[in-house]
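I have placed the structure first, in the form of structure tokens, so that the comments after it can refer back to it.
Protein chains in written order, with the numbering used here: chain A, 18 to 492; chain B, 73 to 545; chain C, 57 to 153.
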């Protein structure tokens with residue numbers, strides 16, 4: 018059932034009330050919502066929207082990094098716990114113009130910094146497939162709300178894999194389009210040169226439709242793309258004849274889970290049966306190992322600077338002090354958790370004038386080499402394909418929090434390739450691990466090749482037959 | 073010990089654009105606090121910068137006029153530090169690739185023309201304005217985000233006079249370019265002076281201090297002179313100069329310590345990820361070059377060619393609003409010298425700068441006044457009485473008629489007057505013929521007195537001379 | 057430990073927050089691991105390689121026209137202000153002017 022089907026077979030009140038009721042019912046178990054938004058004013062405003070609007074009366078959720086005027090936008094942080102947005106993000110305007118009804122803000126790792134959703138100020142978000150496990154992050158709240166059937170679309174953001182990884186853990190579709198395809202204006206940033214706005218749906222058609230609504234040039238975001246936005250959903254084709262899928266041996270060698278590997282090979286056979294060609298891709302192994310530190314340095318350095326505006330003087334939670342410097346320091350000490358503080362220390366260290374050469378600027382140079390490598394790979398195939406993870410979601414107490422570790426973890430971090438390069442990438446359902454937990458498949462295509470990406474995804478979806486899956490949460 | 077003064081000057085200049093550097097809220101002055109500001113200026117989470125094309129244009133104009141090499145790829149960087157007037161916790165500036173480099177400006181010194189090299193000109197954004205009220209600080213973000221250019225000279229300046237001339241030259245240029253309104257007293261033009269001394273004939277630089285918060289051109293020379301005295305005294309007595317930021321105290325006529333400088337600050341500069349590099353075209357630069365407003369040097373020459381003297385020309389140039397007024401009126405009168413004179417004396421005495429800026433004086437009516445003075449149909453004294461009413465907005469003819477300032481020019485009346493005066497003063501007639509020139513002046517004075525200043529001076533003079541000659545004894 | 061806990065406490069102070077003794081010690085201990093990670097970068101030859109600041113490096117030409125748009129109303133500006141008076145944001149005295 019696509020979004021369009023939902024819109025045509027229910028009334029606005031029906032679907033909005035159902036979403037809110039379900040969100041509230043699931044809240045104690047999933048802990049996915051940070052704040053609920055009263056929809057009555059938005060529903061009234063539907064009078065200004067054409068009944069043919071693509072998301073007419075569709076209830077959705079925004080990751081709590083997305084500004085919506087008059088609502089609390091906390092970034093799942095303590096320091097912004099009382100912050101009321103005085104303005105709309107560009108995508109908020111677009112969603113409203115398309116008729117969407119925003120029923121609330123979803124939980125995430127604070128400021129998008131994390132991969133577990135364990136760091137949200139409101140506590141961890143739980144996986145509907147197994148409530149003793151994490152949702153994954155940073156867009157965990159949005160992911161589980163779509164996976165549990167509360168909403169059929171939720172907005173997230175993806176800086177290293179923060180939409181695509183939780184999508185994988187929750188059996189849904191997660192899209193990170195080309196850098197600049199969707200405006201970042203009004204989205205609380207993590208790392209500006211790696212941040213992408215992304216979203217979750219339960220099938221590929223919806224994914225294509227949503228991008229039509231969200232994409233487009235925004236002069237308020239100077240990095241947004243100028244290219245026109247195609248009608249992705251109208252041009253979909255599941256035909257895989259002659260399409261080349263690049264299998265990255267570096268990633269596949271790092272994936273040790275035999276259950277996942279078996280299903281991956283099955284999928285490849287299915288794709289071949291439909292006429293697709295499998296291409297063996299070997300990326301530079303040293304560069305793959307360098308991905309995590311490259312990401313960590315660039316992301317934390319940019320994040321530190323981006324959050325220098327959080328000083329307690331104009332907005333946000335403020336702590337008292339003997340003078341301004343003191344007020345700023347206390348506010349930020351109390352307002353930022355330990356993990357964030359650590360990231361900022363590292364980020365700041367990497368930007369010191371004496372360190373930039375071997376840290377920040379070095380990471381930026383390695384980034385270029387990584388991007389050149391993946392660009393070369395994408396000249397040999399239409400999409401890079403690999404399981405999104407070695408296994409399903411981890412247990413809550415099993416969590417590998419934000420430790421700096423000496424392990425390479427290519428399998429768990431390779432999706433950052435699409436953030437370094439800005440290339441479009443998406444995850445969709447494909448397998449279950451030995452605990453019967455979902456594991457998604459990831460596709461990455463060349464710049465602005467979203468149509469190709471959706472088409473290939475549709476082809477995969479027709480092989481796996483995994484779509485529109487809802488994991489109900491017993492209340 | 074004889075010291076050589078070494079000075080480098082940094083000028084920050086607010087640009088005359090409608091909207092701010094990175095947001096479209098208005099550039100405004102004197103508005104109620106925090107009423108000209110938006111979420112971008114306030115550094116709200118999620119906001120992004122959007123570059124103002126006109127700000128770039130103004131910066132380009134300045135680069136052209138200051139002979140700077142222009143980098144056509146516009147790039148910005150973040151200057152990171154924490155301060156209550158800096159909403160984002162960083163300032164978007166141009167550290168690595170300033171829009172202009174390696175330029176110069178020529179100033180006049182006692183020894184002739186001197187070239188002061190300019191190291192760089194770059195664009196950045198202004199900070200909020202803070203007011204210290206007892207134990208509180210009050211912050212107004214109207215100013216936050218206003219476009220700025222920063223112009224950094226090389227340390228080529230060698231005296232207080234040169235420093236003043238440099239700033240004056242730059243300010244005048246930038247005002248003529250319409251890049252800024254250059255009001256130091258309002259803070260739209262700010263200069264920081266870096267000054268150190270070294271023993272004459274030596275090369276290594278001495279320790280420098282920075283003088284900030286100068287609010288007028290006049291104070292520049294005073295401040296530098298005071299600082300030179302202070303530093304010389306220290307060095308002469310074997311002490312060291314402390315690196316510090318100082319301000320000039322008008323009353324004390326010395327520089328006063330603001331804060332010690334604690335080493336260099338690491339601003340962790342890195343390229344601004346939210347603004348991609350922007351290529352500006354050579355065509356655009358040419359277009360700007362061709363449509364530059366008249367520059368002060370050119371206007372100065374034009375005034376000389378008009379017959380004005382060097383001093384008057386210079387004085388006019390230094391006050392663009394006055395100079396613009398002069399140009400407008402000059403189109404309607406041939407008496408340019410009188411006009412210049414009146415602009416520099418009476419006009420300046422009777423109107424303030426703000427009135428000049430807002431063009432309160434009607435140029436047509438003022439031209440009429442000048443023409444009458446030139447034709448001598450009214451006297452200087454009479455003109456001075458008329459001017460205030462023109463400033464108030466009245467028409468020349470109406471004023472003259474209302475005040476009864478009619479010049480008596482008909483020969484019959486004048487003749488009668490002349491005869492009356494001569495008959496009353498026979499001694500003066502004798503004195504005149506005896507070669508005493510003052511006699512004529514005395515007789516003219518009597519005529520003016522009797523006619524209450526209304527007698528046409530030229531005609532009266534003529535008639536008196538005729539009559540005197542008739543009465544040669 | 058390449059750096060002492062005090063080094064990190066100082067660093068944190070520069071960026072306006074405090075680290076507890078425990079935290080500073082944790083970070084100091086972990087920093088060896090961080091530097092290990094950096095050594096992975098050192099392995100990569102980046103001679104003659106330029107930094108990549110933006111994912112896409114096409115030269116752009118867009119600049120915003122100099123037109124005034126709506127401002128935030130004073131209410132909205134001060135909506136989140138912890139302290140305000142007479143339209144100003146109010147805070148404690150700034151130590152250095």
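Virtual Cβ for every residue (Gly too), placed ideally from N, Cα, C.
- [ ] Measure the Cβ-Cβ separation of residue 120 of chain C and residue 124 of chain B and say whether it is below 7 angstroms.
- [x] Yes, Cβ-Cβ distance for residue 120 of chain C and residue 124 of chain B is below 7 angstroms.
- [ ] Flag residue 326 of chain A as yes if its beta-carbon sits less than 7 angstroms from any beta-carbon of chain B, otherwise no.
- [x] By this cut-off, residue 326 of chain A is an interface position.
Task: Under 7 angstroms by beta carbon: chain C residues contacting residue 329 of chain A - done: What residue 329 of chain A touches in chain C: 138.
Open item on the list: For the stretch 218-230 of chain A against the stretch 462-481 of chain A, do three or more pairs of beta-carbon atoms, one drawn from each stretch, fall closer than 8 angstroms, so that the two count as touching?
Closed with: As far as the Cβ criterion goes, the stretch 218-230 of chain A touches the stretch 462-481 of chain A, which means the pair count is three or higher.
Task: 7 angstroms Cβ cutoff, residue 203 of chain A in contact with chain B - done: Yes, residue 203 of chain A counts as interfacial toward chain B.
Task: Inter-stretch contact at 8 angstroms, needing at least 3 Cβ pairs: the stretch 78-88 of chain A / the stretch 111-125 of chain A - done: With three or more CB-CB distances shorter than 8 angstroms, the stretch 78-88 of chain A counts as touching the stretch 111-125 of chain A.
Task: Closer than 7 angstroms at the beta carbon, the chain A residues around residue 105 of chain C - done: Counting only Cβ-Cβ distances below 7 angstroms, residue 105 of chain C has contacts in chain A at 382, 385, 386, in chain order.
TODO: Report the option in A:376, A:334, A:327, A:372 whose CA atom is closest to the CA atom of residue 307 of chain A.
DONE: Of the residues A:376, A:334, A:327, A:372, the one whose Cα lies closest to the Cα of residue 307 of chain A is A:376.
Task: Closest Cα partner of residue 325 of chain B within the set B:337, B:302, B:315, B:346 - done: The candidate whose alpha carbon is nearest that of residue 325 of chain B is B:302.
Task: Best match in A:111, A:93, A:151 for proximity to residue 410 of chain A [C-alpha to C-alpha] - done: Among A:111, A:93, A:151, the Cα nearest to that of residue 410 of chain A is on A:151.
TODO: Determine contact between the stretch 367-386 of chain A and the stretch 424-436 of chain A, defined as no fewer than three beta-carbon pairs at a distance below 8 angstroms.
DONE: Contact between the stretch 367-386 of chain A and the stretch 424-436 of chain A is absent: fewer than 3 CB-CB pairs across the two stretches fall below 8 angstroms.
- [ ] With a cut-off of 8 angstroms on the beta carbons, I'd call residue 457 of chain A and residue 445 of chain A a contact; round off their distance for me.
- [x] Your pair residue 457 of chain A and residue 445 of chain A checks out as a contact, with CB atoms roughly 6 angstroms apart and the cut at 8 angstroms.
- [ ] Compute the beta-carbon to beta-carbon distance between residue 201 of chain A and residue 191 of chain A, rounded to the nearest angstrom, for a pair I have assumed lies under 8 angstroms.
- [x] Residue 201 of chain A to residue 191 of chain A, Cβ: 18 angstroms. No contact.
Task: For residue 96 of chain A and residue 349 of chain A, believed in contact at Cβ under 8 angstroms, the rounded distance - done: Confirmed, about 7 angstroms.
Open item on the list: Could you compute how far the alpha carbon of residue 245 of chain B sits from the alpha carbon of residue 520 of chain B?
Closed with: A straight line joining the alpha-carbon of residue 245 of chain B with that of residue 520 of chain B spans about 47 angstroms.
- [ ] Would you grab the beta carbon distance between residue 230 of chain A and residue 115 of chain A for me? Rounded to a whole angstrom, and I think it's under 8 angstroms.
- [x] Beta-carbon to beta-carbon, residue 230 of chain A and residue 115 of chain A are separated by about 5 angstroms, close enough to satisfy the 8 angstroms threshold.
Task: beta-carbon residue 423 of chain B near the ligand ZN non-hydrogen atom, thresh 6 angstroms - done: By its list of ligands, the structure shown contains no ligand whatsoever, and the ligand ZN lies outside what it can speak to.
- [ ] Check whether the stretch 133-140 of chain B touches the stretch 153-166 of chain B, counting contact only when three or more Cβ pairs, one atom from each stretch, lie closer than 8 angstroms.
- [x] Short answer: they don't touch.
Open item on the list: If the criterion is Cβ atoms closer than 7 angstroms, does the pair residue 497 of chain A and residue 149 of chain C meet it?
Closed with: Residue 497 of chain A lies beyond the range of chain A shown here (18 to 492); nothing can be said about it.
Open item on the list: Based on DSSP bridge pairs, tell me the residues matched to residue 221 of chain B.
Closed with: Paired residues: B:85, B:195.
Open item on the list: Using C-beta distances below 7 angstroms, list every residue in its chain close to residue 271 of chain A, excluding the 5 sequence neighbours before and after it, in chain order.
Closed with: Cβ within range, chain order: 427, 428.
Task: Test: residue 434 of chain A CB closer than 7 angstroms to a CB of chain B - done: It does not; no Cβ of chain B falls within 7 angstroms.
Task: Separation of residue 459 of chain B from residue 423 of chain B, as counted between CA atoms - done: If you take the alpha carbons of residue 423 of chain B and residue 459 of chain B, they lie about 11 angstroms apart.
TODO: Measure from the alpha carbon of residue 436 of chain B to the alpha carbon of each residue in B:411, B:449, B:416, then state which is nearest.
DONE: The shortest C-alpha separation from residue 436 of chain B is found at B:411.
- [ ] Kindly indicate which residue of B:361, B:390, B:291, B:362 has the alpha-carbon position closest to the one of residue 375 of chain B.
- [x] It is B:390.
Open item on the list: I believe residue 279 of chain B touches residue 315 of chain B by the beta-carbon criterion, under 8 angstroms. Please report the beta-carbon distance rounded to the nearest angstrom.
Closed with: The pair is a contact, with the Cβ atoms about 6 angstroms apart (cut-off 8 angstroms).
Task: Delimiting residues of the alpha helix (DSSP H) encompassing residue 443 of chain B - done: Taken as a continuous stretch (DSSP letters only), the alpha helix (DSSP H) holding residue 443 of chain B covers 435-447.
- [ ] Indicate whether the contact test is met: 3 or more Cβ pairs, each with one atom in the stretch 126-146 of chain A and one in the stretch 48-56 of chain A, closer than 8 angstroms.
- [x] Yes, the stretch 126-146 of chain A touches the stretch 48-56 of chain A.
Task: Contacting positions in the stretch 273-306 of chain A - beta carbon closer than 8 angstroms to chain C - done: Among the residues of the stretch 273-306 of chain A, those with a Cβ less than 8 angstroms away from any Cβ of chain C are 303, 304, 306, in the order of the chain.
TODO: Assuming residue 140 of chain B contacts residue 173 of chain B (C-beta within less than 8 angstroms), just tell me the rounded distance between them.
DONE: Rounded to the nearest angstrom, the Cβ distance from residue 140 of chain B to residue 173 of chain B is 6 angstroms, consistent with a contact under 8 angstroms.
TODO: Output the residue ranges of the beta strand (DSSP E) runs that lie fully inside the stretch 477-505 of chain B and measure 3 residues or longer, sorted by chain position.
DONE: Complete beta strand (DSSP E) runs here, min 3: none at all.
TODO: Below 7 angstroms CB to CB, which residues in the same chain sit around residue 276 of chain B once its five sequence neighbours on both sides are set aside?
DONE: The beta carbon of residue 276 of chain B is closer than 7 angstroms to those of 270 in its chain, skipping five residues each way along the sequence.
TODO: Jot down the residue ranges of each uninterrupted alpha helix (DSSP H) in the stretch 460-487 of chain A, minimum 4 residues, whole runs only, in chain order.
DONE: Here the runs fully enclosed are 467-481.
- [ ] With DSSP collapsed to three states, give me the class of residue 23 of chain A.
- [x] In the structure shown, residue 23 of chain A sits in a helix (DSSP, three-state: H, G or I).
Open item on the list: With DSSP as the reference, identify every bridge partner of residue 404 of chain A, one or two as the case may be.
Closed with: Under DSSP, residue 404 of chain A takes part in a beta bridge, and its partners are A:458.
TODO: Tell me whether residue 291 of chain B sits in a helix, a strand or coil according to DSSP, three-state version.
DONE: Shown here, residue 291 of chain B sits in a helix according to DSSP, grouped into three states.
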